[in-house]
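Asker: One structure coming up, written as structure tokens, with questions to follow.
4 protein chains.
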Amino acid sequence: MIKTAVVGYGYWGPNLVRNFAESGRTTVVGVSDLREDRLVAAQRRFPGIKATNDAAELINDPNVDAVAISTPVSSHFDLAMAALKAGKHVLVEKPITSTSEQALRLMDEAAKRRLTLMVDHTFVYTGAVRKIRDLVQSNDLGDILYYDSVRVNLGLFQRDVDVIWDLAVHDLSIMNYVLDSRALAVTATGMSHVNNGPENIAYLTVFCGGNLIGHVNVNWLSPVKLRRTLIGGSRKMIVYDDMENSEKVKVYDKGITINGNPETTYQAMIGYRSGDMYAPQLEVTEALNVELRHFADCVESGATPITGGQAGLAVVQILEAATRSMRNRGQLIEINQPPMGAVA
Amino acid sequence: MIKTAVVGYGYWGPNLVRNFAESGRTTVVGVSDLREDRLVAAQRRFPGIKATNDAAELINDPNVDAVAISTPVSSHFDLAMAALKAGKHVLVEKPITSTSEQALRLMDEAAKRRLTLMVDHTFVYTGAVRKIRDLVQSNDLGDILYYDSVRVNLGLFQRDVDVIWDLAVHDLSIMNYVLDSRALAVTATGMSHVNNGPENIAYLTVFCGGNLIGHVNVNWLSPVKLRRTLIGGSRKMIVYDDMENSEKVKVYDKGITINGNPETTYQAMIGYRSGDMYAPQLEVTEALNVELRHFADCVESGATPITGGQAGLAVVQILEAATRSMRNRGQLIEINQPPMGAVA
Amino acid sequence: MIKTAVVGYGYWGPNLVRNFAESGRTTVVGVSDLREDRLVAAQRRFPGIKATNDAAELINDPNVDAVAISTPVSSHFDLAMAALKAGKHVLVEKPITSTSEQALRLMDEAAKRRLTLMVDHTFVYTGAVRKIRDLVQSNDLGDILYYDSVRVNLGLFQRDVDVIWDLAVHDLSIMNYVLDSRALAVTATGMSHVNNGPENIAYLTVFCGGNLIGHVNVNWLSPVKLRRTLIGGSRKMIVYDDMENSEKVKVYDKGITINGNPETTYQAMIGYRSGDMYAPQLEVTEALNVELRHFADCVESGATPITGGQAGLAVVQILEAATRSMRNRGQLIEINQPPMGAVA
Amino acid sequence: MIKTAVVGYGYWGPNLVRNFAESGRTTVVGVSDLREDRLVAAQRRFPGIKATNDAAELINDPNVDAVAISTPVSSHFDLAMAALKAGKHVLVEKPITSTSEQALRLMDEAAKRRLTLMVDHTFVYTGAVRKIRDLVQSNDLGDILYYDSVRVNLGLFQRDVDVIWDLAVHDLSIMNYVLDSRALAVTATGMSHVNNGPENIAYLTVFCGGNLIGHVNVNWLSPVKLRRTLIGGSRKMIVYDDMENSEKVKVYDKGITINGNPETTYQAMIGYRSGDMYAPQLEVTEALNVELRHFADCVESGATPITGGQAGLAVVQILEAATRSMRNRGQLIEINQPPMGAVA
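Protein chains in written order, with our numbering: chain R, 374 to 717; chain W, 374 to 717; chain Y, 374 to 717; chain H, 374 to 717.
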């Protein structure tokens, strides 16, 4: 059993504690938070767990094997670095850090010490996203032409990060996972509707090379909650709607066929295919449960997590580029990614 | 009764002929098309109407008062200019012309000859869009913060225009009409998935001044048909879903309230309001019927149409800027609009 | 070309005329209606067709091969019998007659004269219903366990027939067609909410033998329009939602499995299967077009129509029983059907 | 603080324990269940609570003020009677008992001892149902004409009760609460698709006097989960869809108007009104939390619960009649209800 500590008991922390406690692979030794009322809540819910307002106490506790960090983004780097230096395996809330440079430093430290560094890209562990990856990787969709996602709702406005860092991070982690794509350049626009607040509405285009284009629409000020992604392939296409109670993933046998005869008119050249739609049965295990078992596997075997430092870094690079582009009203920002596999 | 001729009997032409025939204010004298089979179809459906492959024959027919043009975009200017020069009132399919310079020239010619020049921005005449304009103009929504539209489906790929000119033209005409806004700058991205074909997927951001931002997502290669617009106001917000059989327009009494106390934390500063939603009853008269009666009114009274040359020009300016931006991967393009009302 | 006449130019008549005119197999010689304004409308829409207020004129016209009857139900029998006696093939609006006895007499007359007698059960000719029949007949669903249909909307209240005869007739014709089932007994309840008017809301249960049960919920006073049928099979199940723009038919690989071990508890005995769902591509040809081509085939070949007199009779027998049961607050009414195939 | 014990820790028991623990008005002293693994689960989840396989131990514990019973229906009466005789207040899972005679005996016992007897008709305490009651009671809908409910899904097949006692109980408790109606007669049909099992599909019609008709469609063997109720009023109509994430209740300003002129035709007599729809904002507190606070109020004040013995009895009377009718293929069963208010 891997003994864990959870730093930060806000919105997401209780889910981490509950799942660490019930995973069968891990136990929870302690919880820390700066707010007294959150510590009281933690102890009422999980009697017998140490609760402290001093994260360092947990990080340096020799009885702790791994530290999970679910605090505001700006504190991720310092806490994760301290935990790695104390010899702990680390799971960090998304996004992994505030800058790509910080992510690289964590990756180096973890590699040097042979510790597991993992980022909590939760959606990657859902039955829906894993099924989509299977469909894409098996070439069932043909060549992927576009990835188009909408993630909007009312609230929660953040102060320290804009809507891209809060919401688009999900879409980018999913897109990177299912497509195995590399973002080469980004352009983004957005707007703040609160004085001095960060942008609460934003639109990102991601150029991935070839004719693959990604787009993400995020908004904290929408009257309705939408979570819908279209993935267009040359053979089939997917609609992934996370608001559906069932049938979250629909696969459409639809597309165009191009008749190569240059003598025909343009419209005659293009045919439209429309076949059956099907919604595959999805695994329904809670994503966080799947994720924490994977974390335990990696800690025990030394394997690289699916959502390791590299995955965290790749997302932060796009977020950095997007925010910079947005501040310059859509200026194209190239991304210089380190070669895949250069660091683990 | 205004005697009309319809030039172009393709996809939209039959709707024009039928509505001109049944409006009670207009009659149809003749139809022209370059394709013999289309002329046969027109005559089978509307016996007694002159059918010709020579548009000039109708344009110069002294028995014709007005000419409706529903041909490919590239021919709009020449046909409309010829009709105006022949002293005919003109209704042109959207977009009004291929360039803003052409639109200005048609506007000048119509003004000089005191003829009606109208562009067929059909959606402006639907019950849904007119209701939305009422809600916006009455300040029911408060300040408008964003306009976010999705218009995607499978097909019909065009050769002579990209997806922006084919689909986004609808959203831009609606946005301009309901918001009375002025696009100041545009950035757009897109992609073609057919060799040498125009872009079939595109994303536009429109900056309208202040903190009002518009966005349009258009796609010819989507597995599902979506027609959904979110309009965010400081007081209320609208979801306009044209795929709904009824309740196309929903008004949400939702939003944020900003507590000015700078002493509180950022999150405490922002409150979320959530009240009733309502779906106003909409007028269900066919939009084209409403539009053609308005055309008849303008012809008879000399009044400026709601969708006159100015409205057509404003849309073409955004389309031009968007395509130019898209070809430069999101480069910001400023729009220098003539002052409102300078030309009719 | 089969020369047809259409008696009755109300709500449905124009669709009949248009489809007879465009089927490529039939032409329209004349239209009759008792109302002068309907005749004017017919002539404006279809110039060149004879319009008369005297149905007998068409029925006895030697130039007419077939007569389509789309008048109120109470007149179906007299008009159809007159047409058969005049040697015409007959297509009658649904339900075929007001009583099963009338239906039997029409069937006899048609058989004696070797004329085609067909009832316009339009839904049977839709791509959706034909696909459902294929799925059922191929045993893809396993044994059929239930058929549960809802058909509700606001209006149109009828005076001469109750809501069962107006709406449930559709469901019963579909159920009989896809299941090849025989209704053995019926119980129905309902209510009128208009003084002296027929029932505007009704619920029918149809016992079909074995453990197959049918149910139909019809209502003229619903705030929303619903058209949804569930068909439960021992292997798979169908949801048929006619209000869906696409994906009208969904096939669910869901059900229960019964573990025969009597030692286990009851709940352990029953397992729940949940697999993929798929929505087959449907043929989109207008149903009436398919139907009229089938009518032409039968007229020419002498074959028995899919929706011949027997199909019309079987539905009327259920309608009769249902109304009788409803007037007696759910009393069970047995149906004595003639043996299948006794009459054509 | 009211000290409670929960008898039965199966599907619903954990929700009772959690809400009793967090209500702020009650505490949980102990939990009992016959199954050892359920007791282990209870203790893991709620350390510090007594867990026993002997319900009598809790019922007779002088430290317990109130007992909540969430066991199979057949045991409700014995357990509740024992608890009342031990001087405890009682909350019983729905339906309150297996027979109306049992319900009357519990009511008598509770009245004699001045103890609170309440049945857990949970839906009555949802924001949606309370809002619907407000709308009906304020006469916003006009006269209520019908109540039409569908509650279908796949599973969970029961052995000891049929689908009416398992699912329709919800609809009947809601209907009785929002309409203040009295069922006068019932007719029901149904079918079992498992050998020797109770009916898994059923249809009930409830006659409530005047022209008010109720209907409930319940099914354990549906491929999709539906929870939808239509309530028709003479002025307005409601659609209550519990599967909606938001906007569960929609109020339609729709209906018919009857023109009294007997000279006009029947169809001219009836006009169709179609106005706005609105979805009122609903309170989102968890229903069980609202319910348990109401239970605490009643225990402390001696007031009669909204869902007291009388409400429980009224539902059981309909269930009894429905099952009897179903076994006789729809035979009408009259209900002889005791006069309202005769017993508390």
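Here a beta-carbon is modelled for each residue, glycine too, at the ideal position from N, C-alpha and C.
1. Which residues does DSSP list as the beta-bridge partners of residue 580 (chain Y)?
2. Beta-carbon within less than 6 Å of residue 525 (chain H)'s beta-carbon, same chain only, minus the 5 sequence neighbours each way: which residues are those?
3. Distance cutoff 8 Å, beta carbons only. Does residue 647 (chain R) sit that close to anything in chain Y?
4. If we cut at 8 Å on Cβ distances, does residue 650 (chain H) have a partner in chain R?
5. Applying a beta-carbon distance threshold of less than 9 Å, which residues of chain B neighbour residue 419 (chain R)?
6. Residues of chain H with a CB under 9 Å from the CB of residue 584 (chain Y): which are they?
7. Please state if the CB of residue 590 (chain H) and the CB of residue 518 (chain H) are separated by a distance shorter than 8 Å.
8. May I have the straight-line CA-CA distance separating residue 396 (chain W) from residue 662 (chain W), to the nearest angstrom?
9. What whole-angstrom Cβ distance do residue 454 (chain H) and residue 682 (chain H) have, given they're in contact under 8 Å?
10. Quick one: give me the first and last residue of the beta strand (DSSP E) that residue 611 (chain Y) is part of.
11. I'd like the ranges of any beta strand (DSSP E) spanning at least 3 consecutive residues and lying wholly in the segment 383-425 of chain W.
12. State the Cα-Cα distance for the pair residue 403 (chain H) and residue 529 (chain H), rounded to the nearest angstrom.
13. Measure the alpha-carbon distance for residue 489 (chain Y) versus residue 605 (chain Y) and round it to whole angstroms.
14. With a CB to CB cut of under 7 Å and the five nearest residues on each side skipped, what residues in its chain are close to residue 381 (chain W)?
15. Given that residue 654 (chain H) touches chain W, what residues does it touch there, using C-beta distances under 7 Å?
16. Check the Cβ-Cβ distances between residue 560 (chain H) and every residue of chain Y, and say whether any is below 8 Å.
17. Does any C-beta atom of chain W lie closer than 8 Å to the C-beta of residue 576 (chain R)?
18. Let me make sure I understand the geometry here. Which of R:697, R:667 and R:478 has the alpha-carbon closest to that of residue 495 (chain R)?
19. Ordered along the chain, which non-local residues of its own chain (more than five positions away) have a Cβ less than 6 Å from that of residue 675 (chain Y)?
20. Quick check on residue 520 (chain R): buried or exposed, where buried means 16 or more other Cβ atoms within 10 Å of its Cβ?
21. The alpha helix (DSSP H) spanning residue 485 (chain W) covers which residue range?
22. Got a sec: is the Cβ-Cβ distance from residue 616 (chain Y) to anything in chain W below 8 Å?
23. DSSP state of residue 374 (chain H), grouped into three classes?
24. What residue range is occupied by the uninterrupted beta strand (DSSP E) comprising residue 547 (chain Y)?
25. Between which two residues does the beta strand (DSSP E) holding residue 466 (chain W) run?
26. Can you list, in chain order, the residues of its chain with a C-beta nearer than 6 Å to that of residue 601 (chain H)? Leave out the 5 residues immediately preceding and following it.
27. DSSP on residue 379 (chain H), reduced to helix/strand/coil?
28. Quick check on the DSSP output: what are the complete alpha helix (DSSP H) runs of length 4 or more inside the segment 629-692 of chain Y, in order along the chain?
29. Roughly how many whole angstroms lie between the Cα atoms of residue 389 (chain H) and residue 379 (chain H)?
30. Any chance the segment 688-704 of chain H sits against the segment 497-510 of chain H, with 3 or more Cβ pairs inside 8 Å?
31. Identify the contact partners of residue 627 (chain Y) in chain H, using a Cβ-Cβ distance below 7 Å as the criterion.
32. Could you pull out every residue in the same chain whose Cβ sits closer than 6 Å to the Cβ of residue 531 (chain H), ignoring the five residues on either side in sequence?
33. Considering just the uninterrupted stretch of the beta strand (DSSP E) at residue 442 (chain H), what are its terminal residues?
34. Consider the Cβ of residue 390 (chain H): report whether some Cβ of chain R lies at a distance smaller than 8 Å.
35. Note down, in chain order, all residues in the segment 510-523 of chain H with a beta-carbon under 8 Å from any beta-carbon belonging to chain Y.
36. Please check if any C-beta of chain W sits within less than 8 Å of the C-beta of residue 659 (chain H).
Answerer: On the basis of the coordinates in this document:
1. Y:558 and Y:586
2. 592, 595 and 599
3. Yes, residue 647 (chain R) counts as interfacial toward chain Y.
4. no
5. Looking for chain B here will not work: the only protein chains present are R, W, Y and H.
6. 564, 565 and 566, listed in chain order.
7. no
8. Our two residues, residue 396 (chain W) and residue 662 (chain W), have alpha carbons roughly 6 Å apart in a direct line.
9. Not confirmed; about 12 Å, so no contact.
10. 610-614
11. Fully enclosed beta strand (DSSP E) runs of 3 or longer: 399-405 and 423-425.
12. In this model, residue 403 (chain H) and residue 529 (chain H) are separated by some 28 Å (Cα to Cα).
13. Straight-line spacing of the CA atoms in residue 489 (chain Y) and residue 605 (chain Y) works out to 35 Å.
14. 406, 442, 443 and 444
15. 647, 648 and 649
16. Taking 8 Å as the CB threshold, residue 560 (chain H) lines the interface with chain Y.
17. yes
18. R:667
19. none
20. Around the Cβ of residue 520 (chain R), a 10 Å sphere holds 16 or more other Cβ atoms; the residue is buried.
21. 473-486
22. With 8 Å as the cut-off, residue 616 (chain Y) counts as an interface residue toward chain W.
23. DSSP places residue 374 (chain H) in the coil class of the three-state scheme, outside both helix and strand.
24. Careful: residue 547 (chain Y) lies outside any beta strand (DSSP E), inside the alpha helix (DSSP H) at 542-552.
25. 462-466
26. 523 and 614
27. strand
28. Runs of the alpha helix (DSSP H) inside the segment 629-692 of chain Y: 639-642 and 660-674.
29. 7 Å
30. Taking 8 Å as the limit for Cβ pairs, the verdict is that the segment 497-510 of chain H does not touch the segment 688-704 of chain H.
31. What residue 627 (chain Y) touches in chain H: 527 and 596.
32. 539
33. 439-442
34. no
35. 518, 519, 521 and 523
36. no
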